[in-house]
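Set out below in structure tokens:
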């Protein structure tokens, strides 16, 4: 059964050429319809923008926080770390209604920020957890030497700790990007404007809009899935590692 | 040096951005959610304090909530019961140095990085009564009477969803078990081989006992994961037909954003939050209780 399904999946793009739908039309026609009239193109770019900026912001502020927690000396650092880790237990659904009402009040819905802020916030716990785990293993001598030579604390972070943490940062970037790229619930509720929708929301709309035009729907699914598969094939080991680390530790 | 590490301004400038965003977006809404859940708040009505009335009607009068809670637990139960043995079996099968291991790992894991929306749409095609391959296959082997409207039939809809969930995540759990199995020191297996232990006994007496802690952790992972289920249901069935495939998360969405009962929706989300907390606390306990010892 699994094999059958897997195979049916792998040949997904070939299924297009199969006349298994009643409305068999030239392949490219479907893609063009999907891309233009379905606004897949626009939402593709929206998705790229939202996920990439959320990912970048997460990397920067999560590593700054992890730096403060592991390298600087203050009494509450342990408590703050625990406070962040609490977030792992919280399902996004429980924040959905208050966030919606809040964003509505301050007129932030249909603004890219209404997605970027929650994506960053919910990516922080796992990211900080992974980064603190790594940063606490960096020997102190390196930064001591840097400071004795007259470097500042910001310098220590940007010139030493941040570059040294390359590998966990790559891990959390991939992990976060995949989940941000695929996120549906926030995107569904905070972005009702067709021109600002992300790809997953656009696809759910598509289902209604083209409910009988199966091949166009299939084309849309392929447009959504191809970049993920391409990236996956390029980085599969790294992706597998990052997603398992993210979840097992979370 | 010490002085610089203790500088309050430096510390704050590094920690505050993350702390502020996290507090406003994650922590504050949790409390507002609890607060809202004590109100009757429809889009037309004025807001009215009703105490725990929302919770009372949730548990005593609301049949759909009962269905969605039942479905959530069904989903949890079946995904655990189906995926655990399957994932372990797959992991054992591709552990060691078999040919094409990378290929299997890659192929089984792939669905995890795809969007649930795409997967949901894809499976809607597979289940489609007119041209979907499930019905086609049944017809071609002469089982026409088994063909049905998989996602539109109250009796088959949850089963059909469970199949997709397992398909999507089994590879992920397989990878977790694979890592655990490959962490078992090879001396143990070699010693067993020298003693003439066969493959079946090896699995029974060496592999399984040693990955037991991982099985526990992974089970809890599946459990919390299934509590948060929304995307696939939304795409494939919208919770229908007739709420037959509603889960707690999709029902909360329905109440709050389809019928605009924010207070009632908040009560549902609080219940969901509590369930997640309970399961995760159990998870934490298990993490600390047992370390793997060889």
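Chains as they are written, first to last, in my numbering: chain F, 1 to 250; chain A, 1001 to 1294.
The beta carbon of each residue, even a glycine, is placed where N, CA and C say it ideally should be.
Nothing here was measured: the structure is a model prediction, and the numbers come from that model.
Notebook entry, point to check: Would you report the Cα separation of residue 1204 of chain A and residue 1024 of chain A, rounded to the nearest angstrom?
Noted result: 50 Å
Checklist line | Residues, ordered as in the chain, of the region 117 to 142 of chain F that lie near chain A by beta-carbon distance below 8 Å | finding: 117, 118, 120, 121, 122, 124, 125 and 128
Notebook entry, point to check: If you follow the alpha helix (DSSP H) that residue 1017 of chain A is part of, which residue opens it and which one closes it?
Noted result: 1008 to 1022
Next item on the list: On the DSSP bridge assignment, give the partners of residue 1261 of chain A in chain order.
Entry: In the DSSP output, where bridge partners are listed per residue, residue 1261 of chain A has A:1042.
Notebook entry, point to check: Is the shortest distance between the beta-carbon of residue 1245 of chain A and the beta-carbons of chain F less than 7 Å?
Noted result: no
Notebook entry, point to check: What are the start and end residues of the alpha helix (DSSP H) that includes residue 1205 of chain A?
Noted result: Note, residue 1205 of chain A: premise wrong, no alpha helix (DSSP H); not H, not E.
Next item on the list: State the DSSP-derived secondary structure class of residue 122 of chain F, mapped to helix, strand or coil.
Entry: Residue 122 of chain F falls in the helix class under three-state DSSP.
Next item on the list: Please list the partners that residue 1235 of chain A has in chain F, where partner means a Cβ-to-Cβ separation under 9 Å.
Entry: 184, 200, 203, 204 and 207
Notebook entry, point to check: What residues in its chain sit with their C-beta under 6 Å from that of residue 114 of chain F, if we drop five residues either side in the sequence?
Noted result: 103, 108 and 190
Item checked: Residue from F:42, F:71 and F:93 whose Cα sits closest to the Cα of residue 1006 of chain A -> Comparing Cα positions, the closest option is F:71.
Next item on the list: Run the CB neighbour count on residue 25 of chain F, radius 10 Å, all protein chains shown included, and call it buried at 16 or more, exposed below.
Entry: Summary for residue 25 of chain F: the model assigns pLDDT 43, below 50, so the residue's position carries little reliability; its value from the coordinates is reported in the next sentence. Its Cβ having fewer than 16 others within 10 Å, residue 25 of chain F is exposed.
Note to self: If we define contact as Cβ-Cβ less than 7 Å, is residue 99 of chain F a contact residue for chain A?
What the structure shows: yes
Note to self: Which residue wins for smallest C-alpha separation from residue 1003 of chain A, given the options F:155, F:73 and F:94?
What the structure shows: F:73
Check: Is there contact between the region 1225 to 1245 of chain A and the region 1195 to 1212 of chain A, where contact requires at least three CB pairs shorter than 8 Å?
Finding: no
Next item on the list: Taking residue 1092 of chain A as the reference, give the member of A:1182, A:1126 and A:1026 with the closest Cα.
Entry: A:1182
Notebook entry, point to check: So, does the CB of residue 48 of chain F fall closer than 7 Å to a CB anywhere in chain A?
Noted result: no
Next item on the list: Could you tell me which of A:1027, A:1072 and A:1062 sits nearest to residue 1249 of chain A, measuring between CA atoms?
Entry: A:1072 is the residue among A:1027, A:1072 and A:1062 whose C-alpha sits nearest the C-alpha of residue 1249 of chain A.
Next item on the list: Output the distance between the C-alpha atoms of residue 155 of chain F and residue 55 of chain F, rounded to the nearest integer angstrom.
Entry: 23 Å
Note to self: Measuring only the C-alpha atoms, how far is residue 1264 of chain A from residue 1041 of chain A?
What the structure shows: For residue 1264 of chain A and residue 1041 of chain A, the distance between alpha carbons rounds to 8 Å.
Next item on the list: Determine, using beta-carbon pairs with one atom in the region 164 to 180 of chain F and one in the region 55 to 66 of chain F, whether at least three such pairs fall under 8 Å.
Entry: Cβ pair count under 8 Å is three or more, so yes.
Check: Beta carbon of residue 143 of chain F, beta carbon of residue 160 of chain F: below 7 Å?
Finding: Contact flag set, yes.
Item checked: Within chain A, the residues that residue 55 of chain F reaches when beta carbons sit closer than 9 Å -> What residue 55 of chain F touches in chain A: nothing, since even the nearest Cβ is about 14 Å away.
Note to self: Looking at chain A, is there any beta carbon in it that lies within less than 7 Å of the beta carbon of residue 145 of chain F?
What the structure shows: Chain A, which has no Cβ nearer than 7 Å to the Cβ of residue 145 of chain F, makes this no.
Margin query: On the criterion of 16 or more Cβ atoms from any shown chain inside 10 Å, does residue 195 of chain F qualify as buried, or is it exposed?
Written below: Result: exposed.
Check: Would a check of beta-carbon distances place residue 72 of chain F closer than 7 Å to chain A?
Finding: Residue 72 of chain F counts as touching chain A.
Check: Do the region 1269 to 1279 of chain A and the region 1091 to 1107 of chain A meet, that is, are 3 or more Cβ pairs less than 8 Å apart?
Finding: As far as the Cβ criterion goes, the region 1269 to 1279 of chain A does not touch the region 1091 to 1107 of chain A, which means the pair count is below three.
Next item on the list: Entirely within the region 36 to 116 of chain F and at least 4 residues each: give me those alpha helix (DSSP H) ranges in chain order.
Entry: Fully enclosed alpha helix (DSSP H) runs of 4 or longer: 40 to 71, 77 to 85 and 93 to 105.
Notebook entry, point to check: Ordered along the chain, which non-local residues of its own chain (more than five positions away) have a Cβ less than 7 Å from that of residue 1149 of chain A?
Noted result: For residue 1149 of chain A, where only same-chain residues beyond five positions count, the Cβ hits under 7 Å are 1129.
Check: CB-CB under 6 Å to residue 17 of chain F, same chain, minus the five flanking residues each way: which ones, in chain order?
Finding: At residue 17 of chain F, the pLDDT of 43 sits below 50, so the modelled position is not reliable and the matter cannot be decided from this model.
Checklist line | Neighbour list for residue 1109 of chain A in chain F, Cβ cutoff strictly below 7 Å | finding: 240
Next item on the list: Run down chain F in chain order and give the residues with a C-beta less than 7 Å from the C-beta of residue 1252 of chain A.
Entry: 93
Notebook entry, point to check: Roughly how many angstroms separate the alpha carbons of residue 1080 of chain A and residue 91 of chain F, rounded to a whole number?
Noted result: One alpha carbon belongs to residue 1080 of chain A, the other to residue 91 of chain F, and they sit about 20 Å apart.
Margin query: Counting C-beta neighbours from all protein chains within 10 Å, is the total for residue 1103 of chain A 16 or more, i.e. buried, or is it exposed?
Written below: exposed
Next item on the list: Could you name the residues of chain F that residue 1079 of chain A contacts, counting a contact when the two beta carbons are closer than 8 Å?
Entry: Those within 8 Å of residue 1079 of chain A in chain F number zero; the least Cβ separation is about 15 Å.
Check: Since residue 1078 of chain A is in the alpha helix (DSSP H), which residue starts that stretch and which ends it?
Finding: 1063 to 1094
Check: Rounded C-beta distance between residue 125 of chain F and residue 87 of chain F? I'm assuming under 8 Å.
Finding: 4 Å
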